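Be aware that the sequence shown starts at 0, since it is given in numbering that gives the first Met the number 0, and climbs by one per residue.
Just so it is clear, CB atoms sit at the ideal spot from N, CA and C, and this is done for glycine as well.
This one's a predicted model, so the numbers in the text were calculated from it and none came from an experiment.
Notes to accompany the following structure.
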Amino acid sequence: MIVRKAKMDDAVGIYAVEKETFSVPWSIESIFRELANEELTRYYVLEDETKSIVGYAGLWRVTDEGQITNIALCKCCRRNGYGELLLRVLMEAAWEDGCNDIFLEVRISNMPALHLYRKLGYTVLSVRKNYYSKPLEDAYVMNCRKENYRRIIR
Ligand SMILES: CC(C)(COP(=O)(O)OP(=O)(O)OC[C@H]1O[C@@H](n2cnc3c(N)ncnc32)[C@H](O)[C@@H]1OP(=O)(O)O)[C@@H](O)C(=O)NCCC(=O)NCCS
Numbered sequence: 000m001i002v003r004k005a006k007m008d009d010a011v012g013i014y015a016v017e018k019e020t021f022s023v024p025w026s027i028e029s030i031f032r033e034l035a036n037e038e039l040t041r042y043y044v045l046e047d048e049t050k051s052i053v054g055y056a057g058l059w060r061v062t063d064e065g066q067i068t069n070i071a072l073c074k075c076c077r078r079n080g081y082g083e084l085l086l087r088v089l090m091e092a093a094w095e096d097g098c099n100d101i102f103l104e105v106r107i108s109n110m111p112a113l114h115l116y117r118k119l120g121y122t123v124l125s126v127r128k129n130y131y132s133k134p135l136e137d138a139y140v141m142n143c144r145k146e147n148y149r150r151i152i153r
């Protein structure tokens, strides 16, 4: 498995991971738009030995703040440390790009993601009521400051 920067050609592979993972997946058009917007976005993919895309993660950078847009792995690849690896690579790139803070939203029932985010230094800032659909659910808004990440991850 390798983690590398995403290319436009990866849109179809990212879309397959989206469809497998989420009840309301992004459209292929929105994935193309995200990958094309290189000024604002950073996307990384997890690629297996057959060169298939089995995971991806992305972020927007606005001045010194990052906003994680998504992270997802195919079901077959979870619980092997790759989600954490992908998120660490994305966060290191964001710090390198000048971010001092990274924000994200997560379903309040999504225990695997919540555990991962807490492990890497994220804390809950607030709750967004009814943020998600299918099923309707609140989101936690979480953030991680660069100093906090550096204290935890050495
Ligand atoms: C969230 C997700 C990316 C985690 O990826 P992963 O490769 O399975 O996670 P890892 O194996 O790297 O685990 C890293 C940490 O995450 C947490 N974690 C991951 N899966 C977990 C689970 N099923 N239960 C509890 N904690 C879990 C643990 O803290 C773990 O650290 P540990 O191994 O030291 O206990 C993956 O579960 C996924 O793709 N989920 C569906 C999409 C999704 O919910 N994305 C988040 C949207 S906000």
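Straight across, the Cα-Cα distance linking Lys-74 with Leu-86 is about 17 Å.
In the structure shown, the three-state DSSP call for Gly-97 is coil. Annotation: Tyr-148 is outside any beta strand (DSSP E); the continuous alpha helix (DSSP H) that includes it extends over 145 to 151.
Straight-line spacing of the CA atoms in Gly-57 and His-114 works out to 19 Å. Assignment of beta-bridge partners to Ala-138 by DSSP yields Arg-106, Arg-127.
Thr-49 and Ile-1 have their C-alpha atoms roughly 11 Å apart. Listed in chain order, the non-local C-beta contacts of Ile-30 below 8 Å within the same chain comprise Ala-10, Ile-13, Tyr-14, Glu-17, local neighbours out to five positions each way being set aside. The Cβ-Cβ distance between Asn-142 and Ile-107 does not fall below 8 Å. One Cα belongs to Leu-34, the other to Ile-151, and the distance between them is close to 30 Å.
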